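Residue numbers (this note's numbering): 176 to 489.
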C-alpha cells in the first residue's frame, strides 16, 4: 500500500501541474469537465501521497525506537517485513551492529577468550548465545581480531600503569617540596607518607619522602618546643609563672612557680600540659617552686625527633 502511494506521488505531480496550468491559463470554460477531472484526480492522489508519507515516517520512527532500545534483531526483522527499503535505517542499523560486534570483540579480549567459536558453542560467554546467528557468525569471522585486541589492551594497560607511576612519583616529589617548605604539619606527615604504597617501583621516591620528613622534624620540633614554652610563659606571666626550655634541642621544659611547693599542684599542672608536652616530644618536664630551690621532674619517654608515627616500628 505504502509503495503504491509513494509511486503515485510523482504521477500526481505530473497531473497536478499541467491540470492547474490547463485550468487557469487556458480557457477552462472551453474544457471545464476535463480540467475539473484533472484537478480532482491530482488532488486526491496528492492527499493519498501525503498520507503514505506519514505512514512511512511512522514506520521509520517505530524502527528507530527499536534501534534506540538496542533491539537490533527486532529492528532488522521489522525492516525485512516492511514493503519499504529503508536504506538509511539499514545503514544505521548495520553501523550499530558493527559497533556492537566491536564491543563484543573488546569484551572477549578483556576476558582473554581467544576461542570465540568455542565460547559461543559452550556458552562460556553469556551474552553471545542470545544474539542472532548472523551476529554470532560475524563475531566468529573476526576471531583473529581478538588476539590483536588482547595485545592492544596489554599495551594500553602497560602505558596506563606507566603513566600512573609517573603521576604518583610527581605527587611524591610535590609532597617533598611541601614538607621542606613547612606546608604540611608534623601531625599530618604519617598520613601523607601512607598515601603512597611501599612498592619496588616507588621505594626510592618513598624513602626520599620519609627522609625529607625526618629532616623536617629534626629541624622543626626544637623550634616548636622553644616557641611553645615562650608562648605559654607570656600567657601565664601575670600569674607569676616562669616557663622556659633548656638542654640540647630544647628538650626540657621548666615551670617555675611558688605553688609548686605543693606536690598536688605539680601533679595538676603536669596533667594539664602533659599531652602537649608529649606531642612536642619534650624529654623531660621540671617543676620548681623557686629558681634556686628543689624541683620535681617527669621523664616523658618521648620518641626521637626523627621518629615518624606509623612508619617506624615501635
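Glycine included, C-beta positions come from ideal geometry on N, C-alpha and C. Here the structure is a predicted model, which is why all the values come from computation and not from measurement.
Between the alpha carbons of residue 410 and residue 344 lies a gap of roughly 45 Å.
Annotated three-state conformation of residue 469 is coil, per DSSP.
Here the stretch 399–409 does not lie against the stretch 435–444, with fewer than 3 beta-carbon pairs under 8 Å apart.
Here residue 474 carries a strand assignment [DSSP, helix/strand/coil].
DSSP, read as helix, strand or coil, puts residue 461 in strand. Three or more beta-carbon pairs separated by less than 8 Å are not found between the stretch 327–341 and the stretch 353–365, which leaves the two stretches without contact.
Between the stretch 377–390 and the stretch 421–432, the count of Cβ pairs shorter than 8 Å is below three; the stretches do not touch. Between residue 396 and residue 480, the gap from beta carbon to beta carbon is short of 7 Å. Of 323, 432, 381, the smallest CA-CA separation from residue 486 is found for 381. Rounded to the nearest whole angstrom, the C-alpha separation of residue 469 and residue 434 is 13 Å. Beyond the five residues adjoining it in sequence on each side, residue 477 comes within less than 7 Å, by CB distance, of 453, 456, 457, 458 in the same chain, given in chain order. Rounded to whole angstroms, the gap between the alpha carbons of residue 420 and residue 483 is 23 Å. Nearest Cα to residue 373 within the set 360, 390, 340, 389: 340. Distance between residue 401 and residue 451, taken at the CA atoms: about 13 Å. Beta bridge pairing from DSSP links residue 419 with 429. If you check the CB distance, residue 448 and residue 461 do not come in under 7 Å.
Residue 464 and residue 412 have their C-alpha atoms spaced approximately 15 Å apart. Residue 375 and residue 349 have their C-alpha atoms some 20 Å from each other. Look at residue 371 here: in three-state DSSP terms it is coil, with no helix or strand label. By the neighbour-count definition (other C-beta atoms within 10 Å, threshold 16), residue 392 is a buried residue.
Residue 322 sits in a helix when the DSSP states are folded into three classes. Close CB contacts of residue 285 within its chain, under the 7 Å cut and outside five residues either way in sequence, are with 328 (chain order). Boundaries of the alpha helix (DSSP H) around residue 393: 378–410.
In terms of Cβ geometry, residue 377 and residue 371 form a close pair [threshold 7 Å]. Contact between residue 324 and residue 281 holds, since their C-beta atoms are separated by about 6 Å, short of 8 Å.
The alpha-carbon separation between residue 342 and residue 366 amounts to approximately 19 Å.
Note on residue 389: 16 or more other CB atoms within 10 angstroms of its CB, so buried under the neighbour-count rule.
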